[in-house]
Structure formats: C-alpha cells, structure tokens
Amino acid sequence: MVAAAKTKESRSKTAGAAAATTKAQGQQAAPTPRNGSAPAGTGAAKGGTRSSKTAASQSETVEPRKRTDTASARNTTPPVASTRESAATMSSNKLLTEAEILKMDDKDYMNEAQLAFFKNRLEQLRDEILKNADQTTEHLRETVIVPDPADRATIEEEHALELRTRDRERKLLKKVEQSLARIESGDYGWCEETGEPIGVPRLLARPTATLSLEAQQRRELRQKLFGD
Numbered sequence: 001m002v003a004a005a006k007t008k009e010s011r012s013k014t015a016g017a018a019a020a021t022t023k024a025q026g027q028q029a030a031p032t033p034r035n036g037s038a039p040a041g042t043g044a045a046k047g048g049t050r051s052s053k054t055a056a057s058q059s060e061t062v063e064p065r066k067r068t069d070t071a072s073a074r075n076t077t078p079p080v081a082s083t084r085e086s087a088a089t090m091s092s093n094k095l096l097t098e099a100e101i102l103k104m105d106d107k108d109y110m111n112e113a114q115l116a117f118f119k120n121r122l123e124q125l126r127d128e129i130l131k132n133a134d135q136t137t138e139h140l141r142e143t144v145i146v147p148d149p150a151d152r153a154t155i156e157e158e159h160a161l162e163l164r165t166r167d168r169e170r171k172l173l174k175k176v177e178q179s180l181a182r183i184e185s186g187d188y189g190w191c192e193e194t195g196e197p198i199g200v201p202r203l204l205a206r207p208t209a210t211l212s213l214e215a216q217q218r219r220e221l222r223q224k225l226f227g228d
C-alpha cells in the first residue's frame, strides 16, 4: 500500500513538472497572430519604407513635369533679337515727313528718325536711277529701220541725249552709294571740311551733299580762281 502511494505521488510530480516545462516554453515562444500582422515596430518600419518609396516616386514623376513646363515657357518667350528686329521694322514703316523734319529742334539733328528718312530717300533715288538705266539699255537694243534720213537723225539724237542723261545719273549713283555708306558710318549730315552740320534744308534739296553751304561756296570760288 505504501509503495503504491509513493508510485502515484512520483507520477503526479513528473506530470506536474512536464506541464510546467510546456507552459514555460509556450510563454518564451511568441505566438504568431492569426491575421498575419507583424509586430508594431516592424509594421511602422515597413510603413515608413513604403511611404518614403512612394514620396520618391512622386518626386521623380513631378520633376520632369516642371522641367517640361519651363522648357515650354522658354520656347514661347520671343528672343531678344527678333524683338529688336520687329521694333526696327515698325519704326522704319513710320517715316517722318519733310514738314516734321523741318520742325525738329537742332538738338535732334541727325537722330535715328532723320537718318531713316534720308536713307529711304537715297534708296528710292538709287532704285530710280537703276530703273532708268535698264530702260535705256532696252531702248538701245531696239533696232528700228527708218527710211527717212530726217527721222533717223531724230532718233539718233534722242539716243545720244538719253545716253548723256544716263551718264550723269551714273555719276549721281556713285554719290548716292557714298551717302548711304556715310549713313552707316555715322558721318552723314556733317561737313567733310569743317565738321559742322550741313543742315536739313540743304540735305532735303540735295541728299548727296557732303559740304555745308559756306564750304561749298568757298570750294566753287577756289575752282574759279585756280581752275582745280
């Protein structure tokens, strides 16, 4: 009887020790949640990583859009050179008249508006001279046989007069080209001998003038006296 009681007591102790060991092992091993969620620290880390990746992808997506908008803005902005050319074209279309130039003050002598006016007048004169030269060439090429000697003499005289006129215009054309060059260099409107203003009235009457009225009179007087 005593032996049987001891045997039962030892078995109960062994079973209790085994149960305590199993319970301790269960407490040490962290149970995995049924919904499969990770611990709080791990979830926060993963959430931060995902948010940083999302922000980086958004920044990469937005940045090219900003560059594209800037490029389109640059393309729509007109260049400075074209703006200046358009302004110069508008100013050239609004030329002054002779009356407006004569009313201008002396301080405005040979400003941009006056230079544009005289440049336009010289260019028109040059075009007219070249046109007349072409017409004369065409007239001389035309061969007209006239049996009457008097009519033939009249035609030849007309051709000779036209040639003399073209010769004078050829010399004038050279002066016109020189005057246009003086406009480009900034010397137009100033006397070659004295450096004084030639004057708007004189230039209106003679756009190719290079001497003031006083200097021109002195030169003509010297030519009469010395024949040079």
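Note that the UniProt record's numbering has the sequence shown beginning at 1, numbered continuously upward. Glycine included, each C-beta is placed from N, C-alpha and C at the ideal position. Nothing here was measured: the structure is a model prediction, and the numbers come from that model.
**Prompt:** Three-state secondary structure (DSSP) at P147?
**Reply:** DSSP, reduced to helix, strand and coil, places P147 outside both helices and strands of the structure shown, so it counts as coil.
**Request:** Could you tell me whether the region 152 to 165 touches the region 188 to 195, where touching means 3 or more Cβ pairs closer than 8 Å?
**Result:** Because the criterion of three Cβ pairs below 8 Å is not met, the region 152 to 165 and the region 188 to 195 do not touch.
**Request:** Give the DSSP-derived three-state secondary structure of P197 in the structure shown.
**Result:** For P197, the secondary structure class from DSSP, reduced to helix, strand or coil, is strand.
**Request:** Return yes when the Cβ of R126 is within less than 8 Å of the Cβ of L173, no when it is not.
**Result:** Yes, the pair counts as a contact, with Cβ atoms nearer than the cut-off.
**Prompt:** Taking the alpha helix (DSSP H) that D134 falls in, what are its first and last residues?
**Reply:** Unbroken alpha helix (DSSP H) run through D134: E112 to R141.
**Prompt:** Apart from the five residues on each side of it in sequence, which residues of its chain come closer than 8 Å, Cβ to Cβ, to G199?
**Reply:** Spatial neighbours of G199 in its own chain (CB-CB distance under 8 Å, excluding positions within 5 residues in sequence) are listed in chain order as S212 and L213.
**Prompt:** Where does P207 land, buried or exposed, given buried means 16+ other C-beta within 10 angstroms?
**Reply:** Under this definition P207 is a buried residue.
**Message:** So, does the region 172 to 190 touch the region 108 to 125, judging by three or more C-beta pairs under 8 Å?
**Reply:** Between the region 172 to 190 and the region 108 to 125, the count of Cβ pairs shorter than 8 Å is three or higher; the stretches touch.
**Asked** How would you call F118, buried or exposed, if buried means at least 16 neighbouring beta carbons within 10 angstroms?
**Response** By the 10 Å Cβ count, F118 comes out buried.
**Message:** Within the continuous alpha helix (DSSP H) that includes residue 287, where are the two ends?
**Reply:** The question about residue 287 has no answer here: the residues shown for the chain are numbered 1 through 228.
**Asked** Are Y188 and L140 close, meaning C-beta to C-beta below 8 Å?
**Response** No, the Cβ-Cβ distance between Y188 and L140 is not below 8 Å.
**Message:** Does T210 come out as helix, strand or coil in the three-state DSSP assignment?
**Reply:** The answer is coil: DSSP assigns T210 none of H, G, I, E or B.
**Asked** When the Cα atoms are used, what is the spatial distance from P147 to E156?
**Response** Their backbone Cα atoms lie some 13 Å apart in a straight line.
**Message:** Let me confirm a value: T49 is counted as buried when at least 16 other C-beta atoms fall within 10 Å, else exposed. Which label applies?
**Reply:** For T49, the predicted structure reports a pLDDT of 47, less than 50, and the residue's modelled location is therefore unreliable. A value from the coordinates is still provided. Classification for T49: exposed.
**Prompt:** Based on Cα-Cα distance, which residue from A99, T97, M110 and D105 lies nearest to I183?
**Reply:** Answer by Cα proximity: M110.
**Message:** For R168, tell me which candidate among K103, L221 and I129 has the shortest Cα-Cα distance.
**Reply:** Nearest to R168 by alpha-carbon distance, out of K103, L221 and I129, is I129.
**Request:** Compute the Euclidean distance between the alpha carbons of S185 and K171, then round it to the nearest angstrom.
**Result:** Answer to the nearest angstrom: the Cα atoms are 22 Å apart.
**Extent of the continuous alpha helix (DSSP H) to which L102 belongs** = According to the DSSP assignment, L102 belongs to the alpha helix (DSSP H) that extends over E98 to L102.
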